[in-house]
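Residue numbers (our numbering): 109 to 491.
Glycine included, every Cβ here is placed at the ideal spot set by N, Cα and C.
The model shown is predicted, which means the values in this text are computed figures rather than measured ones.
See below for the structure under consideration.
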Ligand code: KG4
Ligand code: ZN
């Protein structure tokens with residue numbers, strides 16, 4: 109395998125689609141990461157259910173995406189024919205939404221005869237910090253990523269494009285899921301994280317001590333289900349009565365403190381597992397939490413590392429990160445003389461372990477990428 113001396117430029121602009129959970133998003137990026145248009149629609153249909161309903165999500169993506177793509181092109185002042193490459197989250201996530209988004213993106217790529225990049229949604233979160241201008245001085249590899257959202261809770265060693273090691277993750281609920289469930293118990297709306305954070309500001313946690321599952325244990329796995337059960341037990345005596353606001357606020361504050369303690373402890377262990385890390389990055393909706401951010405910033409400081417959390421719009425699900433991951437992938441492949449943007453045969457999948465992203469670069473090691481690249485249920489946990 110010979111390395112190309114001057115890699116071909118990234119075909120741009122890149123049209124990117126995100127539909128792996130409950131946000132329908134589309135973005136257009138220039139080859140250098142400049143965002144030319146960025147649209148996100150949050151689905152309201154889940155609110156009465158207090159969580160994401162996959163069937164509702166898939167139908168809402170189907171209803172919204174064509175017009176959203178049209179609107180994104182309009183926002184960028186472009187026609188479809190101006191697009192140089194197409195990308196879509198192709199896994200992991202809710203399969204119905206992935207089929208809708210990746211299917212539409214592939215259709216656009218085929219119709220325009222443009223490259224298509226199948227993007228791993230977690231890889232997109234992992235690379236977001238490298239978007240030009242986000243982290244002062246840039247986010248150079250290797251760095252530690254804490255991904256905490258409604259669907260994900262894991263620590264990832266980000267060592268290069270396509271080079272990821274999952275150091276640990278939740279063994280039950282994701283952190284955001286715990287926030288949402290506790291919010292529901294406290295009679296707050298969905299999504300619950302912001303409501304719990306707001307209520308916690310006025311609460312005294314002291315009368316409501318809660319456990320910190322896995323605290324101090326080796327490794328950096330997370331567990332939140334015991335904490336959630338403990339909250340339910342604290343609330344049990346009030347069943348049937350109106351919950352006094354001071355009680356709700358105290359429990360919210362205590363719960364948030366417990367989550368911050370757990371996450372800080374687990375990330376401290378992850379940093380020990382990755383002594384070569386040059387930066388700590390937090391992403392995902394829960395990274396919006398002020399108390400958690402403050403703890404993580406202090407932790408990074410204690411390790412002599414900078415801390416970065418992309419702005420909320422790029423922390424939560426969005427299509428800019430999908431377009432940027434596609435650009436990084438194309439660049440990395442081309443720098444190595446490998447083909448890129450030939451992913452039309454790659455099928456949407458609910459699970460897609462990050463470690464499999466190295467398969468794109470497998471030809472360098474004399475191996476062809478496996479045609480399956482993990483078809484769904486064959487995989488171990490990969491979220
Ligand atoms: O990344 P995200 O928008 O979607 C995915 O789950 O992929 O994350 C949403 C999650 C929800 O569980 C929400 O309750 C939580 O992030 N969240 C927060 C805060 N803002 C959003 N959790 C705690 N504090 C917040 N301020
Ligand atoms: Zn996500």
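Residues of its chain near residue i, where Cβ-Cβ distance is below 7 Å and the 5 sequence neighbours each way are ignored
i	result
residue 327	276 and 377
residue 143	135, 137 and 428
residue 248	386
residue 180	134, 135, 136, 145 and 147
residue 447	441
residue 360	294, 304, 307, 308 and 311
residue 489	Note that residue 489 scores a pLDDT of 32, beneath 50, so its modelled location is shaky; the value from the coordinates is reported in the next line. Nothing meets the Cβ criterion.
Any non-hydrogen atom of ligand 1 within 7 Å of residue i CB
i	result
residue 129	yes
residue 396	yes
residue 424	yes
residue 330	no
residue 467	no
residue 299	yes
residue 284	yes
residue 249	no
residue 157	no
residue 305	yes
residue 287	yes
Proximity test, residue i beta-carbon vs ligand 2 heavy atom, cut-off 7 Å
i	result
residue 281	no
residue 205	no
residue 411	no
residue 260	yes
residue 392	yes
residue 257	yes
residue 229	yes
residue 377	no
residue 169	no
residue 233	yes
beta-carbon residue i near ligand 3 non-hydrogen atom, thresh 7 Å
i	result
residue 302	No copy of ligand 3 occurs in the structure displayed; its ligands are ligand 1 and ligand 2 alone.
Cβ shell of residue i (< 8 Å), same chain only, five flanking positions each side left out
i	result
residue 451	198, 224, 225 and 226
residue 375	252, 254, 263, 328, 388, 404 and 407
residue 295	351 and 356
residue 131	148, 149, 150, 151, 424, 425 and 426
residue 399	305, 308, 364, 365 and 368
Top-ranked residue by Cα proximity to residue i, from the options
i	options	result
residue 301	294, 313, 284 and 189	284
residue 308	201, 331, 353 and 336	353
residue 212	192, 248, 232 and 174	174
residue 242	359, 428 and 182	428
residue 420	439, 393 and 264	393
residue 120	398, 447, 202 and 194	194
residue 228	358, 460 and 140	460
residue 313	364, 340, 266 and 294	364
residue 430	149, 166 and 236	236
residue 191	167, 201, 165 and 218	218
residue 336	400, 320, 346 and 222	320
residue 265	183, 139, 384 and 339	384
residue 162	202, 189, 196 and 124	202
residue 178	221, 116 and 216	216
residue 412	439, 458 and 380	380
residue 362	340, 345, 274 and 141	340
residue 129	347, 200, 232 and 278	200
residue 395	382, 410, 372 and 338	372
residue 82	164, 272 and 467	Lying before the first or after the last residue shown, residue 82 is absent from the chain, which here runs from 109 to 491.
residue 290	278, 358 and 323	358
residue 330	245, 286 and 172	286
Pairwise C-alpha distance: residue j and residue i
i	j	result
residue 318	residue 355	14 Å
residue 465	residue 455	14 Å
residue 334	residue 367	12 Å
residue 495	residue 306	Here the chain covers residues 109 to 491 and nothing more, so residue 495 does not appear.
residue 122	residue 444	21 Å
residue 137	residue 433	11 Å
residue 403	residue 435	32 Å
residue 482	residue 424	With a pLDDT of 37 at residue 482, under the threshold of 50, the modelled position of this residue cannot be trusted, and the question is left open.
residue 462	residue 261	14 Å
residue 288	residue 442	42 Å
residue 349	residue 342	14 Å
residue 417	residue 185	30 Å
residue 439	residue 234	16 Å
residue 257	residue 160	13 Å
residue 109	residue 139	In this prediction, residue 109 scores a pLDDT of 48, lower than 50, which makes its location untrustworthy; no coordinate-derived value is stated.
residue 240	residue 268	16 Å
Neighbourhood of residue i by C-beta distance below 6 Å, restricted to the same chain and skipping five residues each side
i	result
residue 127	169, 205, 208 and 209
residue 281	332 and 333
residue 114	none
residue 158	292 and 298
residue 230	462
Residue-level contact to chain E via CB, residue i, 8 Å cutoff
i	result
residue 218	Given the protein chain composition of this structure (a single chain), no chain E is represented.
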